[in-house]
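K.L.:
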Amino acid sequence: MATRDNAALSIIRSVSIVCMVLFAFGTAFITVSGFAVHAGVLGALDDSPVVQGQKAQIAPAENPSYTLAVFSDLHVSKSNLKMLAKVAETIKAMDTVNEVAILGDISEEIGNSEERTLAVETVGKFGKPILAIPGNHDVIYANKLKANGKKARASAEVMTSKLKKFADAYDQDDIRFSKKVAGHLLIFLPIDALNARSIAAISGESLDFLEDTLSANKKMPTVIFAHAPLEGSYKVTKDQALSPLHAASQPAERIAGILKKNPQVFMWVAGHRHTKPGSGDFKSKLNKVGKVTVIHVPNVTSGAGWCMMLELYKDKAVMRTYDMAEKKFLTDYRRVFRHATAARTGNEAIKLPEKPLDPPVLPEVKADNDDRDDNSGKDDNVGKAGNADGTIENGLKNTALIKRIKEIQIAIIQLFLNWLKMF
């Protein structure tokens with residue numbers, strides 16, 4: 002009898018060990034899959050829209066709470082009206098687009114009455130509510146060119162008049178404004194500094210508005226829209242047409258100070274430099290300035306046009322690039338910004354044994370690319386509401402994932418060993 006009992010116990014232990022191993026590795030697999038999908042490690046699917054005849058539909062993996070189509074530097078003129086007609090037709094057919102933002106330089110060159118009228122008529126064909134801010138070509142130049150064909154700076158009086166006419170033309174109460182949608186704060190800043198040396202200068206009044214709005218919404222993930230990008234968000238070379246003084250939003254020092262005090266700001270969206278997909282600056286590690294990722298919005302020419310599509314969800318923001326000529330989204334440029342609530346796994350309550358076994362040896366896994374510059378569709382992550390506490394800054398690292406798997410495996414193995422001691 003003793004021999005049979007010992008044999009039975011031996012069988013039970015063998016079966017238990019096999020079950021333990023299978024259970025541990027099964028749990029590890031589920032954990033890896035969960036983390037991978039959650040952190041974007043598995044990459045992005047082809048999210049091009051479904052096109053039926055003339056009607057293009059946005060086809061994201063999920064349904065966003067709010068979608069904003071973003072353009073800049075349309076420079077509406079007879080030369081690109083044909084392309085802009087295609088843009089208007091495409092945007093009008095996208096049922097999930099709630100509004101269209103145009104970040105300045107809507108007018109061709111000097112923003113006089115004739116140019117402004119053509120711009121408003123063209124944009125009106127988009128078939129969506131318009132959120133517009135003025136760029137340098139809309140407001141800072143005199144209404145007539147010089148005798149030599151060059152532009153002249155407008156006087157403070159003329160520029161003030163043009164700013165008001167711009168707001169009226171696009172049926173807006175002011176040239177600077179904000180709105181809250183889908184748990185996010187969107188702030189729109191104009192080029193409006195009078196008598197400024199820089200062609201990309203934001204007035205003190207608008208920056209005061211920015212500070213006040215941010216101070217009142219410290220915990221809300223925030224996206225700022227401006228005509229020009231942040232200084233340092235692109236590579237500066239000697240042969241560039243514009244120096245940083247004119248190419249980046251000014252005054253750069255004050256803007257940087259405001260952003261440093263407000264870590265809820267995780268994205269700055271701007272045009273001005275005509276940065277196109279495929280260029281070195283369109284998606285680069287330089288786009289990250291401090292805690293803020295700068296999205297460069299392309300211009301629209303006679304032969305090409307792109308739209309940046311901002312999709313807002315409760316726990317994240319997604320930025321995609323749509324090619325008007327190719328009639329599809331460019332998946333290499335998809336960026337995802339997850340907020341802190343999206344990083345919680347629900348496993349925080351798991352308690353480990355006081356004296357756990359030595360952890361199993363697992364293969365080393367290289368950490369994710371911190372700068373998110375590998376065109377893989379991985380996430381640009383921000384901390385708590387874009388917070389600088391770095392809760393999930395630069396993404397969930399694979400090393401942290403491996404550590405979590407080890408902890409779960411140790412806990413499971415210890416539970417089985419304690420159970421076996423009862424036999």
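Just remember that the working numbering sits 1 ahead of the position in the sequence shown, which is counted from 1. Think of the CB as a built atom: it goes at the ideal place given N, C-alpha and C, for glycine as much as any other residue. Quantities reported herein were computed from a predicted structural model and do not represent experimental measurements.
(1) Can you give the Cα-Cα distance for A249 and I203, rounded to whole angstroms?
(2) Using C-beta distances below 7 Å, list every residue in its chain close to N263, excluding the 5 sequence neighbours before and after it, in chain order.
(3) Could you name the residues of the same chain whose beta carbon sits closer than 6 Å to that of A305, not counting the 5 residues immediately before and after it, in chain order?
(4) Is the beta carbon of E100 sitting closer than 7 Å to the one on P135?
(5) Under 7 Å Cβ to Cβ from L331, same chain only, skipping five residues before and after it: list those, please.
(6) Does the stretch 156-176 come into contact with the stretch 212-227, if we say contact requires no fewer than three beta-carbon pairs (one atom in each stretch) closer than 8 Å?
(7) Between which two residues does the beta strand (DSSP E) holding E100 run?
(8) Could you tell me whether the Cβ atoms of S156 and R177 are closer together than 7 Å?
(9) Of the residues I188, D213, I200, which one's Cα is nearest the Cα of Q251?
(10) Whose CA, out of D96, T91, V98, N81, lies closest to the CA of I107?
(11) Just the C-alpha distance for K91 and L75, rounded to the nearest angstrom, thanks.
(12) Closer than 6 Å by C-beta to V293: which residues in its own chain qualify, once you throw out the five before and the five after it? Chain order, please.
(13) Report the rounded CA-to-CA distance for S244 versus L104, giving the unit in angstroms.
(14) For A197 and Y171, I'd like the C-alpha separation in whole angstroms.
(15) Just confirm the distance between the C-beta atoms of A133 and I111, as a whole number of angstroms; I'd bet it's less than 8 Å.
(16) Starting from I200, trace the alpha helix (DSSP H) both ways and give me its first and last residue.
(17) Give the straight-line distance between the Cα atoms of L195 and T161, rounded to the nearest whole angstrom.
(18) Report the CB separation of H247 from T276 in whole angstroms; it is logged as a contact under 8 Å.
(19) Does the separation of the CB atoms of L311 and V71 fall below 7 Å?
(20) Can you name the start and end residues of the beta strand (DSSP E) that S234 belongs to?
(21) Report the three-state DSSP secondary structure of A70 (helix, strand or coil).
(22) Which residue marks the beginning of the alpha helix (DSSP H) containing R117, and which one marks its end?
(23) Would A94 and L69 qualify as a contact pair, given that the criterion is a beta-carbon distance under 7 Å?
(24) Under a three-way DSSP split, which group does A157 fall into?
(25) Assign S244 to one of three DSSP states: helix, strand, or coil.
(26) Is T123 near L85, with beta carbons less than 7 Å apart?
(27) Please report the straight-line C-alpha distance between P230 and I414, rounded to a whole angstrom.
(28) Kindly indicate which three-state DSSP category R335 falls into: helix, strand or coil?
(29) Determine the DSSP secondary structure at F283, reduced to helix, strand or coil.
(30) Would E232 be called buried (16 or more neighbouring beta carbons within 10 Å of its own) or exposed?
(31) Consult DSSP for G347 and reduce its assignment to one of helix, strand or coil.
(32) Under 8 Å Cβ to Cβ from V88, same chain only, skipping five residues before and after it: list those, please.
(33) Are the Cβ atoms of L287 and A183 separated by less than 7 Å?
(34) Under three-state DSSP, which class holds A86?
P.N.:
Well, looking at it:
(1) 10 Å
(2) L215
(3) A326
(4) no
(5) P278, T322, D324
(6) no
(7) 100-103
(8) no
(9) I200
(10) N81
(11) It is worth fixing the name first, because residue 91 is Thr in this sequence and not Lys. Rounded to the nearest angstrom, the two C-alpha atoms are 15 Å apart.
(12) L260, V266, W269
(13) 20 Å
(14) 24 Å
(15) Actually they are not in contact, since the Cβ atoms of A133 and I111 sit about 17 Å apart, beyond 8 Å.
(16) From DSSP, I200 is part of no alpha helix (DSSP H); its letter is neither H nor E.
(17) 8 Å
(18) Not really, about 15 Å apart at Cβ, beyond 8 Å.
(19) yes
(20) That residue, S234, is in no beta strand (DSSP E); it is neither H nor E in DSSP.
(21) strand
(22) 114-124
(23) no
(24) helix
(25) coil
(26) yes
(27) 53 Å
(28) coil
(29) coil
(30) buried
(31) Reliability fails at G347, whose pLDDT of 35 lies under 50, so the model's placement of it is uncertain and no value is given.
(32) F72, F127, V301, G306, C308, M325
(33) no
(34) helix
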